[in-house]
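Input: a single structure, listed below in structure tokens.
Protein chains in written order, with our numbering: chain B, 9 to 442; chain P, 113 to 473.
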């Protein structure tokens, strides 16, 4: 069997708890120069695409704007268009929320990015139903949680119809949207932008299997990655899609060193920097739903139990549904590991999939993961701006190339070329020229 | 001192220009237009836009401006963004980000969507009378500008000792509630290099309240210099009545241009087009004469030239008109490094929230 080729995307380290802003080497998370450096490094490393996350309301914790992580980011589409000017091949992907945008406007904006980048645009569809974010928009929090994928599917259908209409009139009548008219743009260099999805619920997986070109997953370990991969790809045939029409890319971090011991040390240093004493308490408060500011981050977990009804953090996705169960499992873990402090425990429990080792070891681990069908590649989440990819590109990419599982040059100009995806067909014969 | 702007949209304002247009959707087309105008020292490029109604294909104007900004220095970039269907929260961060990627050269032309065709592309509300649209635009402009101020300049502190990335007392909810919008804030985007990118508004009967409250630059369409003079007087009176200094608001007259020895005949060949403002179809010298008369006579503080055909229509402006304006001492050659506000003699504004409140959010 031929060696599977690894696809890599680069997540710009911004508003994430993985971003270490306190490091002396950390630059600005919003200066355009940081985006230029990061994007050009990813392109030098022949990455498939750069990725920018989005959040349309600043997160709050205990009723106040959360101030411990990076706060603030530029407008996704505007900064991607600007990055297009300083790169030539790198794909340009961003999250745009389907709840607080209308299909016509989004279709036109993404088509514009695709034209102006020569076919490098990608859209990560996210749909939120929170009234908290809705307070920044005229319709407020109008969407019921159970309608999230209905809206995502409908906005995508509508956008695709517009993209492939070649400036012919489109009429859309649906539950979420009702509009008519023509897009001001012909189909784009990629036909239409690449579509990314990241939902993990059953509905989310079904939506991804049906529509997505790439999936961001959170399934980090080899076993859970393989299970997710098999499940997702297994859902595709009923939609007439081939397994290779979809790339599954789990988010992953990494730590490098000249020796394995040095890499482990670096990994521990990064993890500790990601969880400051204040961040550790804030994480704990998310689960406990209580003010725990009086507790010592270097001391043991609280004896009191979580408040099950409280929602103390707003504006971020909450993955743990049962606070009491989480608290009990954390207590057991802390005890089993010889009495972890609050901070040590948070360092332990917030760890994502991470490849740690020498460049050669990391390359082999990543390759084994992909060849073992746990993924088609990775979305790398470095901890530093703007230099977080530098060492990886300099040292790990050549090792991956030596293994024969990573490209040595871009083989085409568009992101669909990088991902090995076919160009979607225009709805009818006549094609206007741009 | 005469301000000089150039409007570029697609293949030019004349619908007939599209029939002979080259590839207007490539980045190279727009970079070349902007670079040509920048070399001529043009103050800003007005990037026209609307959701419907154009003859040829058109790209999102903010996208073009952002694509051009990193590779074309000096020139201001002022995309039109309509407020009737677009969320002010999105507009605010998009223009602030344009300011970031252009190092302080961004502006925003506030416009409304009047037509049923545009309304039907969204399907959320019917087309409305101009008076209603501009009342809504006044709220949208206020939201956008307040969001620009919702971060103080020194809100990012990166204080490792306390673990705090920001001083949250320097971030502000705007808590805007109006007839059309309520927007909580703060913006997700920090305060930009200019703090307030240049706000441009076209003069029309219903836009005067928005001009009076928010405009830094006003575009006037007028059939002749007497009408332009009257429009400038109206603008200055409205600005003064709102308690602002009329000298701080530049009024630019739109002039449609098609230059060259054969200009009139070439225009005829493109088909009929009613002028939407003063038009000069003739020599560069004739155009420079009109600009000189307009500015020295007090009919305008400068002009927005609107080539009817692009990209060709820009070349005589860059090669002949711009140098002639310097020769006649109507313009000077600017040294590099100015923000767009600085080109218009405008200071970086104080923050609304520190000027009016003591405590933070």
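Here a beta-carbon is modelled for each residue, glycine too, at the ideal position from N, C-alpha and C.
On a predicted model such as this, the values are computed, not experimentally measured, just so you know.
Between which two residues does the beta strand (DSSP E) holding residue i run?
i: residue 366 (chain P); result: 362-371
i: residue 129 (chain B); result: 129-134
i: residue 414 (chain P); result: 414-419
i: residue 300 (chain P); result: Taken as a continuous stretch (DSSP letters only), residue 300 (chain P) belongs to no beta strand (DSSP E), as it is neither H nor E.
i: residue 410 (chain B); result: No beta strand (DSSP E) contains residue 410 (chain B), which is instead part of the alpha helix (DSSP H) from 405-410.
i: residue 119 (chain P); result: 115-120
If I follow the unbroken alpha helix (DSSP H) through residue i, where does it start and stop?
i: residue 112 (chain B); result: 111-124
i: residue 45 (chain B); result: 40-52
i: residue 254 (chain P); result: 242-260
i: residue 91 (chain B); result: 84-92
i: residue 139 (chain P); result: 139-151
i: residue 15 (chain B); result: Residue 15 (chain B) -> not in any alpha helix (DSSP H); beta strand (DSSP E) instead, spanning 15-19.
i: residue 237 (chain B); result: 230-242
i: residue 58 (chain B); result: No alpha helix (DSSP H) contains residue 58 (chain B), which is instead part of the beta strand (DSSP E) from 57-60.
i: residue 157 (chain B); result: 156-171
Under 9 Å Cβ-Cβ, which residues of chain B neighbour residue i?
i: residue 392 (chain P); result: Ordered by position in chain B, no residue passes the 9 Å Cβ test against residue 392 (chain P), which lies about 29 Å from the chain.
i: residue 213 (chain P); result: 40, 43, 82, 86, 87, 89, 90, 91, 93
i: residue 384 (chain P); result: Correct list: empty, because the minimum Cβ distance to chain B is about 24 Å.
Mind listing the chain P neighbours of residue i? Cutoff is C-beta to C-beta under 9 Å, in chain order.
i: residue 355 (chain B); result: What residue 355 (chain B) touches in chain P: nothing, since even the nearest Cβ is about 15 Å away.
i: residue 274 (chain B); result: Simply none; closest approach about 19 Å.
i: residue 173 (chain B); result: Those within 9 Å of residue 173 (chain B) in chain P number zero; the least Cβ separation is about 12 Å.
Among residues of its own chain, excluding the 5 on either side of residue i, which ones have a beta-carbon nearer than 6 Å to its beta-carbon?
i: residue 198 (chain B); result: 122, 127, 422, 424
i: residue 78 (chain B); result: 22, 23, 27, 29, 37
i: residue 243 (chain P); result: 318
i: residue 125 (chain P); result: 418, 420
i: residue 437 (chain B); result: Any answer about residue 437 (chain B) is weak, because its pLDDT of 43 lies below 50 and its placement is not dependable; what the coordinates show is given next. Answer for residue 437 (chain B): no residue qualifies.
i: residue 180 (chain P); result: 142, 143, 146
i: residue 382 (chain P); result: 126, 128
i: residue 377 (chain P); result: none
i: residue 170 (chain B); result: 115, 178, 191
Return the chain-ordered list of same chain residues with a C-beta closer than 7 Å to the C-beta of residue i, the five sequence neighbours on each side being excluded.
i: residue 234 (chain P); result: 197
i: residue 234 (chain B); result: 380, 381, 382
i: residue 272 (chain B); result: 364
i: residue 322 (chain P); result: 222, 246, 249, 250, 253, 313
i: residue 355 (chain B); result: 279, 280, 283
i: residue 334 (chain P); result: 340, 343, 365, 389, 390
i: residue 186 (chain B); result: 180
i: residue 251 (chain B); result: 241, 244
What is the C-beta distance between residue i and residue j, in whole angstroms, given that I count them as a contact (C-beta under 8 Å)?
i: residue 332 (chain P); j: residue 343 (chain P); result: 4 Å
i: residue 360 (chain P); j: residue 458 (chain P); result: 7 Å
i: residue 422 (chain P); j: residue 173 (chain P); result: Residue 422 (chain P) to residue 173 (chain P), Cβ: 14 Å. No contact.
i: residue 437 (chain P); j: residue 114 (chain P); result: 6 Å
i: residue 320 (chain B); j: residue 70 (chain B); result: 6 Å
i: residue 258 (chain P); j: residue 286 (chain P); result: 4 Å
i: residue 261 (chain B); j: residue 401 (chain B); result: Wrong, their Cβ atoms sit about 15 Å apart, outside the cutoff.
Residues of chain P with a CB under 8 Å from the CB of residue i: which are they?
i: residue 143 (chain B); result: 294, 295, 296
i: residue 29 (chain B); result: 270, 277
i: residue 306 (chain B); result: The premise fails here: residue 306 (chain B) is roughly 14 Å from chain P at the closest Cβ pair, so nothing lies under 8 Å.
Which residues of chain C have a Cβ atom closer than 9 Å to the Cβ of residue i, listed in chain order?
i: residue 193 (chain P); result: This model lacks chain C altogether, as its protein chains are B and P.
Only counting the same chain, and skipping five residues up and downstream in sequence, which positions put a Cβ closer than 8 Å to that of residue i?
i: residue 75 (chain B); result: none
i: residue 440 (chain B); result: In this predicted model, residue 440 (chain B) has a pLDDT of only 39, less than 50, meaning its place in the structure is not dependable; the value taken from the coordinates is given anyway. Excluding sequence neighbours, residue 440 (chain B) sits near 174, 175, 194.
i: residue 292 (chain B); result: 300, 303, 309, 310, 350, 354
i: residue 448 (chain P); result: 185, 186
Under 7 Å between beta-carbons, which chain B residues line up against residue i? List them in chain order, please.
i: residue 232 (chain P); result: 187, 188, 189
i: residue 280 (chain P); result: 72, 73, 75
i: residue 178 (chain P); result: 86, 89, 90
i: residue 117 (chain P); result: Here the premise fails: no neighbours, minimum Cβ distance about 21 Å.
i: residue 261 (chain P); result: In chain order: nothing, as chain B lies at least about 14 Å away.
i: residue 229 (chain P); result: 189
Residues of chain B with CB under 8 Å from residue i, in chain order?
i: residue 206 (chain P); result: 83, 85, 86
Determine the chain P residues that contact residue i at a beta-carbon separation under 7 Å, and present them in chain order.
i: residue 121 (chain B); result: 175
Item to complete: With 7 Å as the limit, tell me which residues of the region 184-196 of chain B have their beta carbon closer than that to any beta carbon of chain P; keep them in chain order.
Response: Result list: 185, 186, 187, 188, 189, 192, 193, 194.
Fill in: Interface positions of the region 154-167 of chain P facing chain B (Cβ-Cβ less than 8 Å), listed along the chain
163, 164, 166
Worksheet item: Which residues, in order along the region 61-80 of chain B, keep a beta-carbon less than 9 Å from a beta-carbon of chain P?
Response: 62, 63, 64, 65, 66, 72, 73, 74, 75, 76, 77, 78, 79, 80
Fill in: Proximal residues, the region 106-118 of chain B versus chain P, C-beta separation under 7 Å
108, 110, 112, 113, 116, 117
Worksheet item: Closer than 9 Å, Cβ to any Cβ of chain P: which residues of the region 379-412 of chain B, in chain order?
Response: none
Worksheet item: Of all the residues that make up the region 264-298 of chain B, which are near chain P by a beta-carbon distance shorter than 8 Å?
Response: 284, 285, 286, 287
Discussion item. By the 7 Å beta-carbon criterion, what residues does the region 15-43 of chain B contribute toward chain P?
Written reply: Those would be 29, 30, 38, 40, in chain order.
Worksheet item: What residues in the region 143-167 of chain B bring their beta carbon closer than 7 Å to a beta carbon of chain P?
Response: 143, 144, 145, 146
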